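Asks: Numbering-wise (the numbering used here), the sequence shown opens with residue 448 and increments by one.
C-beta atoms are modelled at their ideal positions from N, C-alpha and C, and glycine is treated no differently.
Since we're looking at a predicted model, the values are computed, not measured.
Okay, here's the structure, questions in a sec.
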Amino acid sequence: MMTELLFKKIRNNNGESIAETLIALLVAALGLIILASAINSTSRIITSSNNKIKEYNAKDLIVVQQEVETDSKIGEISFDNEKVTNESDSHNINIYVFVNDVMNSNEVISFVKKVGVGD
Numbered sequence: 448m449m450t451e452l453l454f455k456k457i458r459n460n461n462g463e464s465i466a467e468t469l470i471a472l473l474v475a476a477l478g479l480i481i482l483a484s485a486i487n488s489t490s491r492i493i494t495s496s497n498n499k500i501k502e503y504n505a506k507d508l509i510v511v512q513q514e515v516e517t518d519s520k521i522g523e524i525s526f527d528n529e530k531v532t533n534e535s536d537s538h539n540i541n542i543y544v545f546v547n548d549v550m551n552s553n554e555v556i557s558f559v560k561k562v563g564v565g566d
C-alpha cells in the first residue's frame with residue numbers, strides 16, 4: 448500500500464506548492480550561510496597561521512645567524528668537567544644567548560662566545 452502511494456506521487460504531474468518551494472529556498476540559503484561562515488573561519492585561521500610562521504622564521508633567522516643586537520641577552524656558561532684542563536676544575540665563558548620563544552611550549556636556544564675586552 449505504501450509503495451502504491453509512492454508511485455502515485457511520482458507519477459503525479461501537479462507542480463510543487465509555494466510552501467515546498469519556500470522551504471527548499473530556506474534550506475539552500477542556510478547551507479550557503481554555513482558555507483560562507485566556514486570559508487571565513489578557514490581564511491582567518493590560515494592568515495593567523497601564516498603570520499605566526501613569519502614571526503617564527505624571523506626570530507629563527509636571528510638565532511641561526513646569531514646577530515648581536517643592543518637588547519641581546521648576555522649569560523655565562525660554566526663547564527665543570529674532569530677533562531677541562533685549567534688551573535681550577537671549572538671554566539666560565541661569557542656568551543650571548545639567542546632565544547626563539549615564538550612557540551610557547553618549545554624554545555629554540557643558541558649561543559655564541561661574547562668577544563670583548565677581558566673575555
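1) Throw me the rounded Cβ distance for the I521 and Y543 pair, which I believe falls under 8 Å.
2) Looking only at C-alpha atoms, which of N504, I540 and M449 sits nearest to V549?
3) In angstroms with no decimal places, state the Cα-to-Cα distance between L473 and A483.
4) Along the alpha helix (DSSP H) that carries V510, what are the first and last residues, could you check?
5) Go ahead and label F454 buried or exposed: buried means 16 or more other beta carbons lie within 10 angstroms of its beta carbon, across all protein chains shown.
Replies: In short, the structure shows the following:
1) For this step, residue 521 is matched to residue 74 along the sequence shown. For this step, residue 543 is matched to residue 96 along the sequence shown. Confirmed, Cβ separation roughly 6 Å.
2) If you number the sequence shown from 1, residue 549 lands on position 102. For V549, the nearest C-alpha among the options comes from N504.
3) In the sequence shown, the residue the question calls residue 473 occupies position 26. In the sequence shown, the residue the question calls residue 483 occupies position 36. Approximately 15 Å, taken between the alpha carbons.
4) Translated into the one-based positions of the sequence shown, residue 510 becomes position 63. From DSSP, the alpha helix (DSSP H) with V510 extends over I465 to Q512.
5) Taking the first residue of the sequence shown as 1, we reach residue 454 at position 7. That one is exposed.
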